[in-house]
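Chemist: Provided herewith is a single structure, encoded as structure tokens, for subsequent inquiry.
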Amino acid sequence: MDLSPACPLGVGGGIWNLSSQTGDDARPGSAEVRELLESPNFGATPQAAGDLERGIVDGRLVAALAVLTEEHRVCVDTFKKGHHFLPGVPDGPRIPNGYGKAGGLPNTHYFGRAADIRWVDGKPLEGNATDADVLDVGRMLAGIPSKKRPDQIIGPPKWSKALGYGREEGWVLASDQLRLHNDHIHIGYMGEQGTQDIR
Ligand SMILES: [Zn+2]
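Sequential numbering from 40 applies to the sequence shown in the numbering used here.
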């Protein structure tokens with residue numbers, strides 16, 4: 040078994056020490072969250088692990104990450120806590136104006152419905168956009184059934200181009216957004232729970 044941590048040294052571990060060892064079963068979605076946190080293929084920064092422990096991360100996101108960690112080591116930098124669009128500006132329910140053309144749209148991080156992946160199999164996204172493992176993570180995302188798949192997938196320009204997916208698969212290809220995602224893959228759910236079933 041490969042016990043290499045999913046996050047670089049000093050960032051976070053694959054096996055996170057839960058800060059609260061009591062009352063685990065009372066937390067919403069705790070079984071899935073615990074399983075993810077205990078997977079050696081999953082790593083999280085302390086702020087991201089804390090969001091998971093507090094149960095504020097959307098269950099669909101937890102499930103999508105569980106799929107990716109079946110075959111790859113994935114390190115999540117941020118869910119909600121500590122996310123900033125602009126340095127020093129705290130996040131709110133809306134994307135601030137000035138963050139590309141997306142300014143004013145709902146901020147999926149704020150609602151616990153987005154994750155930023157910065158390392159795959161120990162490799163930083165920055166400079167490894169077309170690495171085979173990093174591309175495979177994209178293909179695994181596309182392989183998630185559409186109702187469960189993130190509908191807001193944004194990654195480095197070269198990664199997005201090499202994969203060739205479009206809006207139907209959930210990819211965001213606006214060039215201003217790609218430029219802002221040179222060093223991470225953002226996976227988010229714009230729709231409320233269940234809205235994709237109403238058609
Ligand atoms: Zn993000």
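All residues carry an ideal CB built from backbone N, CA and C; glycine is no exception.
Can you grab the Cα-Cα spacing for the pair P196 / A168, in whole Å?
Modeler: The sequence position of residue 196 within the sequence shown is 157, counting from 1. The sequence position of residue 168 within the sequence shown is 129, counting from 1. The alpha-carbon atoms of P196 and A168 are separated by roughly 8 Å.
Chemist: Considering only C-alpha positions, which residue in the set R218, K200, Q191, K140 is nearest to R206?
Modeler: Counting from 1 along the sequence shown, the entry for residue 206 is found at position 167. Nearest C-alpha to R206: Q191.
Chemist: Could you give the distance in angstroms between the alpha-carbon of L219 and the alpha-carbon of A201?
Modeler: For the purposes of this step, residue 219 is identified with residue 180 of the sequence shown, where counting begins at 1. For the purposes of this step, residue 201 is identified with residue 162 of the sequence shown, where counting begins at 1. Roughly 18 Å between the two C-alpha positions.
Chemist: Taking only runs of the beta strand (DSSP E) that begin and end inside the stretch 169 to 231, which ones reach a length of at least 3 residues, in chain order?
Modeler: 191 to 193, 224 to 227
Chemist: In three-state DSSP terms, what is E115?
Modeler: Residue numbering aside, residue 115 sits at position 76 when the sequence shown is read from its first letter. Residue identity check: residue 115 is Val in the sequence provided, not Glu. Strand, per DSSP.
Chemist: Nearer than 7 Å: is that true of the beta carbon of A141 relative to any heavy atom of ligand 1?
Modeler: Along the sequence shown, one-based indexing puts residue 141 at 102. Result no, Cβ not under 7 Å from ligand 1.
Chemist: Determine the DSSP secondary structure at V159, reduced to helix, strand or coil.
Modeler: Here residue 159 corresponds to residue number 120 of the sequence shown, with the count starting at 1. It is a strand residue.
Chemist: Short check: CB of L91 to CB of L107, under 8 Å?
Modeler: Taking the first residue of the sequence shown as 1, we reach residue 91 at position 52. Taking the first residue of the sequence shown as 1, we reach residue 107 at position 68. Taking 8 Å as the Cβ cut-off, L91 and L107 do not qualify as a contacting pair.
Chemist: Out of R178, P44, K140, which has the shortest C-alpha to C-alpha gap to E77?
Modeler: Taking the first residue of the sequence shown as position 1, residue 77 is located at position 38. Among R178, P44, K140, the Cα nearest to that of E77 belongs to P44.
Chemist: In the DSSP assignment, what residue or residues form a beta bridge with G139?
Modeler: To locate residue 139, count along the sequence shown from 1; it is residue 100. DSSP, once it has assigned bridges, lists G137 as partnering G139.
Chemist: Counting pairs of Cβ atoms below 8 Å between the stretch 151 to 161 and the stretch 177 to 188, do you hit three or more?
Modeler: When Cβ pairs closer than 8 Å are counted between the two stretches, the stretch 151 to 161 is seen not to touch the stretch 177 to 188, the count staying below three.
Chemist: Answer yes or no: do F150 and V113 have a C-beta to C-beta separation smaller than 8 Å?
Modeler: As a working note, residue 150 is residue 111 in the sequence shown. As a working note, residue 113 is residue 74 in the sequence shown. It is not a contact, given that the beta carbons lie outside the stated cut-off.
Chemist: Assuming R133 contacts G143 (C-beta within less than 8 Å), just tell me the rounded distance between them.
Modeler: Residue numbering aside, residue 133 sits at position 94 when the sequence shown is read from its first letter. Residue numbering aside, residue 143 sits at position 104 when the sequence shown is read from its first letter. Cβ-Cβ separation between R133 and G143: approximately 6 Å, consistent with a contact (criterion under 8 Å).
Chemist: Is it buried or exposed for N136, if we count other Cβ within 10 angstroms and need 16 for buried?
Modeler: Position 97 of the sequence shown holds residue 136. So N136 ends up on the exposed side.
Chemist: Using a threshold of 7 Å, is the CB atom of D90 nearer than that to any non-hydrogen atom of ligand 1?
Modeler: Within the sequence shown, numbered from 1, the residue matching residue 90 stands at position 51. No.
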